[in-house]
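Sequential numbering from 164 applies to the sequence shown in the working numbering.
From the three backbone atoms N, C-alpha and C, an ideal C-beta is built for every residue, glycine too.
Structure record follows, encoded as structure tokens.
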Amino acid sequence: MNTTQINGHIDRTRITKSLLGLAAAALALTGCAQLQSVPAGTPIAEVEKQFGKPTTVCKNTDGTQRMIWTLQPMGQYAYGSFVSKEGNVVAMKQLLTDAHFAMLSQGKWTAQQVTCEFGPPANTDGVAKGNEIVWAYRYKQSDVWASMMYVYMGADGKEVTHFHPGPDPWSLHGGDSRH
Numbered sequence: 164m165n166t167t168q169i170n171g172h173i174d175r176t177r178i179t180k181s182l183l184g185l186a187a188a189a190l191a192l193t194g195c196a197q198l199q200s201v202p203a204g205t206p207i208a209e210v211e212k213q214f215g216k217p218t219t220v221c222k223n224t225d226g227t228q229r230m231i232w233t234l235q236p237m238g239q240y241a242y243g244s245f246v247s248k249e250g251n252v253v254a255m256k257q258l259l260t261d262a263h264f265a266m267l268s269q270g271k272w273t274a275q276q277v278t279c280e281f282g283p284p285a286n287t288d289g290v291a292k293g294n295e296i297v298w299a300y301r302y303k304q305s306d307v308w309a310s311m312m313y314v315y316m317g318a319d320g321k322e323v324t325h326f327h328p329g330p331d332p333w334s335l336h337g338g339d340s341r342h
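In structure tokens form, the structure reads like this:
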């Protein structure tokens with residue numbers, strides 16, 4: 164770690180901030196890994212006790228539920244699972260990946276379906292040409308690059324028209340997306 168000296172003294176504030184940042188990143192990574200490692204069959208009450216209530220809950224007509232824990236708007240991860248009628252996790256997985264976003268190219272997707280599949284976006288402030296509504300999900304493209312997945316919906320905001328990844332503007336300006 165580089166240390167900065169001012170008039171012969173080490174800049175302890177800078178070192179302290181760096182160490183705090185590393186500790187926070189390590190803690191965030193640990194939290195992400197733990198949620199992703201919840202085994203199938205775990206009662207949802209146990210998951211909620213350990214990780215808190217999900218950010219998004221969508222009830223299906225067959226009695227199952229879709230539950231999502233997300234770190235949006237600043238984090239790059241969201242974990243989701245279907246929960247059986249009996250209240251058990253079916254399979255917990257990371258949702259904000261290139262492979263998972265590719266699902267949007269199959270069939271028609273409503274805003275509600277997108278929310279139930281990926282959780283709430285980092286922001287919904289975008290408007291593209293033709294007055295399309297743009298939702299942006301912060302994620303790690305190819306598990307490496309701080310990116311946004313831009314999901315476009317018609318001017319009424321009801322149905323996905325197209326989607327594409329792009330750099331996360333916040334990280335381009337010196338921000339540090341959190342896990």
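Quiz prompt | Proximal residues to A285 (C-beta, below 8 angstroms), its chain only, five neighbours per side dropped | solution = Numbered from its first residue, the sequence shown carries residue 285 at position 122. Answer for A285: Q235, P236, M237, A299, Y300, R301, M311, listed in chain order.
Quiz item: How long is the line joining the alpha carbons of I296 and F326, rounded to whole angstroms?
Solution: Residue mapping note: residue 296 aligns to position 133 of the sequence shown, counting from 1. Residue mapping note: residue 326 aligns to position 163 of the sequence shown, counting from 1. Taking the straight line joining both Cα atoms gives about 11 angstroms.
Quiz item: By Cβ distance below 7 angstroms, which residues in the same chain neighbour T273 in space, the five residues on each side in sequence not counted?
Solution: In the sequence shown, counting from the first residue as 1, residue 273 sits at position 110. Within the same chain, T273 has close Cβ partners K321, E322.
Practice problem: Return helix, strand or coil for M237, following the three-state DSSP convention. | Solution: The residue given as residue 237 occupies position 74 in the sequence shown. M237: coil per DSSP, three-state reduction.
Practice problem: Flag this pair as yes or no: are the beta carbons of A203 and V277 separated by less than 8 angstroms? | Solution: Against the sequence shown, residue 203 aligns to sequence position 40. Against the sequence shown, residue 277 aligns to sequence position 114. With respect to the 8 angstroms criterion, A203 and V277 are not classified as neighbours on the basis of their beta carbons.
Quiz item: Would you call the CB atoms of M230 and S247 closer than 8 angstroms?
Solution: For the purposes of this step, residue 230 is taken as the residue at position 67 of the sequence shown. For the purposes of this step, residue 247 is taken as the residue at position 84 of the sequence shown. No, they are not a contact pair.
Quiz item: With DSSP run on the structure shown, which of helix, strand or coil describes A254?
Solution: The residue you call residue 254 lines up with position 91 of the sequence shown. Collapsing the DSSP output to three states places A254 in coil.
Quiz item: Between A309 and S334, which are expected to be in contact by the criterion C-beta below 8 angstroms, what is the C-beta distance as a whole number of angstroms?
Solution: For the purposes of this step, residue 309 is identified with residue 146 of the sequence shown, where counting begins at 1. For the purposes of this step, residue 334 is identified with residue 171 of the sequence shown, where counting begins at 1. Confirmed, Cβ separation roughly 4 angstroms.
Quiz item: Should G282 go down as buried or exposed, given a rule of 16 or more other Cβ atoms within 10 Å for buried?
Solution: As a first step, residue 282 is located in the sequence shown; it is residue number 119 there, counting from the start. So G282 counts as buried.
Quiz prompt | Buried/exposed call for A265, threshold 16 Cβ in 10 Å | solution = Locating residue 265 in the sequence shown gives position 102, counting from the first residue. When all chains shown are included, A265 counts as exposed.
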